[in-house]
Each structure stands twice: as C-alpha cells, then as structure tokens.
Amino acid sequence: MQDLARGMPVFVTIWVFATGAVVGSFLNVVIARVPKRQSIVSPGSRCPRCGNPIAWYDNIPLLSWILLRARCRSCGLPISARYPLVELLAGILAVAVLRHTGP
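Just so you know, we're using our numbering here: the sequence shown kicks off at 538 and counts up by one.
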C-alpha cells in the first residue's frame, strides 16, 4: 500500500511517525527534568503527582495517555496534555521531514 501523496509505503510513514513520537516522549523527560537539574537517565518515569513508577505498558507514546484516559493508573489524577502534545508534534515533524527529504 502506497502513501499516494509521495509514493512512500504507508508502513514507512507509520514507522517514522512512531519513532518521532518516541523522540517526543524523551523530549518530555528532558523538558521536565533539566530545569530541575535532575538526571534524564534515571530514575525511570514516574507520575509527577504521586511519584509512583510508570510501567512500560503505561509509557507508550500517545497510546497510553489515550487508553488511561489521561489519568495516572496509580493515583487517578490527571496527566498533563503536554505529554501527548509533544509526542504528537514530534511524530508529525518526523513525517514532515521524511516527506521533505525523501526516504
């Protein structure tokens, strides 16, 4: 199946978007931790409200935020829309770069 706009396989477009969203997820870590002079490597992701660790399956860019209905699984408090917004924008930017530069 081809992406009719540029002749790229749809799979490539999806893969690049997902990779961009993962980069966006890492950017969220940087955005949250660098101003506080915290490590961007460890500890692993935690709820900013209750501090409980976030399991890998609750840390999938965009998808987890939607499936959890924008709430922490542990404490039930809302998760900021900034997280999926940064992931979404990074995914869109990655696809835009791919379309501009080609595969």
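C-beta: ideal position from N, C-alpha, C; glycine also.
The structure displayed is predicted, hence computed values, not measured ones.
For L614 against R608, the beta-carbon gap comes to about 7 Å, under 8 Å, which counts as contact. Per DSSP, reduced to three states, the secondary structure at R586 is coil, with no helix or strand assignment.
The beta-carbon separation of A555 and G628, rounded to 7 Å, stays under the 8 Å limit for a contact.
Across the structure, V560 and E624 are spaced so that their CA atoms are roughly 7 Å apart.
Along the length of the segment 605 to 639, whole alpha helix (DSSP H) runs at least 4 residues long occupy 619 to 638, reported in chain order. With distances taken between CA atoms, C587 lies nearest to S611 out of P572, I577, V566 and S611. For I551, the enclosing alpha helix (DSSP H) covers residues V547 to R570. Your pair S562 and P598 checks out as a contact, with CB atoms roughly 5 Å apart and the cut at 8 Å. In the three-state DSSP reduction, L599 falls in the coil class, being neither helix nor strand.
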